[in-house]
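In what follows, a structure is listed as structure tokens, so that the remarks can point back to it.
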Amino acid sequence: MNAFQIVPAGDAAFVVEFEARIDPSVNARAIQLADALQAARVPGVLDVVPTFRSVAIYFDPLRTNGDVLLARIEAEAAKPSSDRGTGRPAVRVPVCYGGELGPDLAAVAAFSHLSEAEVITAHTARIYRAFMVGFVPGFAYLGTVEERIAMPRRDTPRVRVPVGSVGIAGVQTGIYPMETPGGWQLVGRTPLKPFDPDRAEPFLITAGDAVQFYAIDHDRFLDIERQSRATAVAIGVRPGSDPEVRSRRRERCADSATVLPVRGGFLVPPKPRRGDGGREAILP
Amino acid sequence: MSGVRVIKGGMLTTIQDTGRWGYQSRGVPVAGPMDPVSHRLANALVGNERGAATLEVTLLGPELEFEDERVVAVTGAEFDITLDGRPVPLGTSFLVAAESHLRFGQRRRGSRAYLAIRGGVSVPPVLGSRSTHVISAMGGLAGRPLRTGDRITLGVADAARPTVTPPADPLVELPSRPARLRVLPGPQADAFTSDALAALQSAPYTVGQQSDRMGFRLEGPRLTHSRGADIISDATPLGVLQVPASGQPILLMADRQTTGGYPKIATVISADMAVAGQLGPGDTIAFSMCTPREAMAALIAQERALMVLEMGRQ
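Protein chains in written order, with this note's numbering: chain V, 1 to 284; chain E, 285 to 598.
This is the structure we're talking about:
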């Protein structure tokens with residue numbers, strides 16, 4: 001259970017690899033190690049990056065004794081995993097499902113042979129795990145969604161996906177933190193911003209967090225959006241600097257549904273589909 | 285605060301400091317200079333701290349108008365540069381009078397030049413850094429390259445920091461043909477066939493047209509995976525060679541994403557990243573394996589040369 005190996009990545013990084021599978025307990029080990037190394041503030045360490053099943057430790061080789069750092073990492077990695085969790089409360093994310101804000105909700109409903117309301121129920125019922133944050137600032141890989149609604153990506157990615165769009169890609173779900181091209185099935189949109197460098201806490205979701213979506217109607221969506229803008233003004237940041245904040249929104253959300261129990265089970269999420277690397281790799 | 289007016293932005297002129305470290309766990313790319321040694325040298329020449337923001341100039345340079353008198357230096361790629369029409373030297377500091385125009389002309393060698401201005405470029409830092417990351421529209425001037433009509437503000441020079449004498453020998457070898465880059469195997473060399481590391485060193489690779497600050501797509505000997513071209517996504521260090529299903533490696537550079545899902549066969553050593561940062565489409569690279577000891581010795585030699593220069597301020 002404690003199996004790990006440490007491999008160098010060039011002369012300025014070590015990677016601690018746990019078991020090669022996507023699993024909450026393996027992921028928890030990686031995040032626990034990353035948190036411990038972050039907290040230790042080891043001199044010369046520049047960045048600690050937990051992913052699904054590994055932790056990368058970036059350091060300045062001129063200001064770090066590699067052997068000492070390696071011993072430190074080994075000692076931390078060998079510690080038994082604790083089931084304490086992160087100690088952070090679950091992140092609750094309001095989503096206006098369907099309509100123009102969730103243009104693929106109907107497609108997901110057709111795919112899953114469910115009504116739109118049932119898709120919303122299925123998507124909001126689970127508490128998801130944020131396995132890692134990567135690709136673009138603040139993009140958290142959440143999993144796993146109920147198998148029935150685990151619709152694959154669109155054949156043709158959209159050129160522009162608005163900020164806050166909530167998508168499904170197989171058993172993964174996530175929120176687009178910035179306007180990018182993207183191929184996920186968009187079921188709704190949150191008025192919260194997953195990433196805002198002007199906010200006191202710029203990131204909505206941290207790796208290891210529990211995340212749950214809840215359905216809101218369109219009026220509530222606009223309310224929350226207005227509030228978050230007002231908050232931004234109150235703390236002295238640039239108001240209205242965000243192109244996605246637009247006043248003219250006539251679209252309506254699908255009716256929110258009551259929460260129904262869903263069955264458990266855990267699937268290995270497919271990796272984000274990419275082209276042959278390089279620029280396409282940005283598409284989550 | 286005095287500043288610089290952008291008459292022409294050039295092809296891709298961005299504000300860069302030493303990068304946005306500490307946020308990769310949040311998905312925030314590091315960015316920073318492609319050629320960190322030339323960036324640091326330029327700052328030293330004008331008496332800036334090493335972390336001051338400079339302008340990284342790519343292939344086609346900008347034209348700039350200075351509002352006040354400043355000491356500046358250009359390092360890295362060789363361009364014909366004129367100040368109000370008169371040629372100025374590279375790799376050393378010189379004075380720019382108020383209202384004068386600094387213009388980058390023909391490029392001779394290398395891909396990226398660094399213009400350091402005494403006092404530094406002083407845009408507001410984002411997450412602790414002024415570095416521009418264009419894809420996430422972060423840092424620099426509104427997260428984008430400079431363009432006509434922009435104005436960038438400059439910091440106040442630290443009077444206690446004099447300019448320094450340029451080094452006798454170049455600190456960054458501008459790419460010869462092919463550029464030699466030393467690599468260490470891993471982190472996933474075992475995801476390739478046993479002859480893949482030999483293949484990597486067997487013939488030069490050409491930097492493809494689709495190459496930018498994120499990474500260089502390389503064309504050359506095919507590297508064969510031993511168990512598929514997918515791994516569970518993990519972190520992507522600077523200088524790593526990730527290999528998608530095509531078998532053609534991609535060298536990840538300053539603007540790389542924080543994570544990726546392709547196996548990584550080898551990693552360019554830190555000391556050679558400055559040379560890598562001077563490459564552009566059409567340039568060629570000869571990779572050669574080295575040992576961790578060689579990598580460290582090369583980095584120490586590079587650091588010593590820079591420190592001698594920085595401490596030799598008189």
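Glycine included, C-beta positions come from ideal geometry on N, C-alpha and C.
Treat the numbers as computed from the prediction; the structure is a model and nothing was measured.
- Task: Mind checking the region 23 to 47 of chain V against chain E and listing, in chain order, the residues whose C-beta falls within less than 9 Å of any C-beta there?
- Result: A34, Q38, L46, D47
- T359 of chain E by DSSP, collapsed to three states: which one? strand
- Message: Whole angstroms are fine: how far does the CA of T190 of chain V sit from the CA of R229 of chain V?
- Response: 14 Å
- Query: At a Cβ threshold of 8 Å, is G4 of chain V touching chain E?
  - Reply: A quick correction: the sequence has Phe, not Gly, at residue 4 of chain V. So no, F4 of chain V is outside the interface.
- Could you spell out where the alpha helix (DSSP H) holding D35 of chain V opens and where it closes? 24 to 40
- Query: Would the beta-carbon of Q300 of chain E fall within 8 Å of that of D47 of chain V?
  - Reply: no
- Message: So if DSSP puts T342 of chain E in a beta bridge, which residue, or which two residues, is it bridged to?
- Response: E:R396
- Confirm, please, whether the CB-CB distance from F195 of chain V to M178 of chain V is below 8 Å. yes
- Determine the closest residue to T568 of chain E out of E:M537, E:E578, E:R464, E:A585, with distance taken between C-alpha atoms. E:R464
- Task: Quick one: using the 10 Å Cβ neighbour count with 16 as the cut-off for buried, is P371 of chain E buried or exposed?
- Result: exposed
- Message: Which same chain residues end up closer than 8 Å to T321 of chain E when comparing Cβ atoms and leaving out the 5 residues on each side of it in sequence?
- Response: The question names Thr, but residue 321 of chain E in the sequence shown is Val. The residues are L455, V456, A558, Q586, L590.
- Beta-carbon proximity list for F363 of chain E, same chain, < 8 Å, skipping 5 on both sides: V341, G345, L374, F388, G389, Q390, R391, R392, A397
- Alpha carbon to alpha carbon, how far is S530 of chain E from I216 of chain V? Give it in angstroms, no decimals. 45 Å
- Item | the region 205 to 223 of chain V contacting the region 127 to 137 of chain V, beta-carbon criterion three pairs below 8 Å | yes
- Task: Say whether chain E places a C-beta atom closer than 8 Å to the C-beta of F135 of chain V.
- Result: yes
- Task: Give a yes or no on contact between the region 8 to 16 of chain V and the region 499 to 514 of chain E, applying the rule of three or more CB pairs nearer than 8 Å.
- Result: no
- Which same chain residues, not among the five before or five after A328 of chain E, have their C-beta less than 6 Å away from its C-beta? V448, L593, E594
- Say whether chain E places a C-beta atom closer than 8 Å to the C-beta of V15 of chain V. yes
- Item | Cα-Cα separation between R414 of chain E and D368 of chain E, rounded to whole angstroms | 29 Å
- Message: Taking CB distances under 8 Å as the criterion, tell me whether E351 of chain E reaches chain V.
- Response: no
- Message: Would you call the region 329 to 337 of chain E in contact with the region 400 to 418 of chain E, where contact means no fewer than 3 C-beta pairs closer than 8 Å?
- Response: yes
- Item | Interface partners of F52 of chain V on chain E, CB under 8 Å | I516, S517, D518
- Nearest to L525 of chain E by alpha carbon, out of E:Q485, E:V356, E:Q493? E:Q485
- Cα-Cα separation, V140 of chain V to G311 of chain E: Per the sequence shown, the amino acid found at residue 140 of chain V is Ala instead of Val. Straight-line Cα distance between these residues: approximately 8 Å.
- Message: Strictly under 8 Å for the Cβ-Cβ distance: is R334 of chain E near chain V by that measure?
- Response: no
- Item | Segment limits, beta strand (DSSP E) that includes L535 of chain E | 534 to 536
- Please work out which residues of its chain come closer than 7 Å, Cβ to Cβ, to V42 of chain V, disregarding the five sequence neighbours upstream and downstream, and give them in chain order. L69, R72
- Query: Closer than 8 Å, CB to CB, is E587 of chain E near chain V or not?
  - Reply: yes
- Item | Neighbour flag for Q493 of chain E against chain V, beta carbons, 8 Å | no
- Completely contained alpha helix (DSSP H) runs for the region 514 to 586 of chain E, where each covers 4 or more residues: 557 to 560
- Whole-angstrom Cβ separation of V119 of chain V and A109 of chain V, contact assumed at under 8 Å? 5 Å
- Kindly indicate the opening and closing residues of the alpha helix (DSSP H) around L607 of chain E. The requested residue 607 of chain E is not part of the displayed model; chain E covers only 285 to 598.
- Message: I want to check one thing, is the minimum distance from the CB of V48 of chain V to the heavy atoms of the ligand COA below 7 Å?
- Response: Because no ligand of any kind appears in the structure shown, any question about the ligand COA cannot be addressed here.
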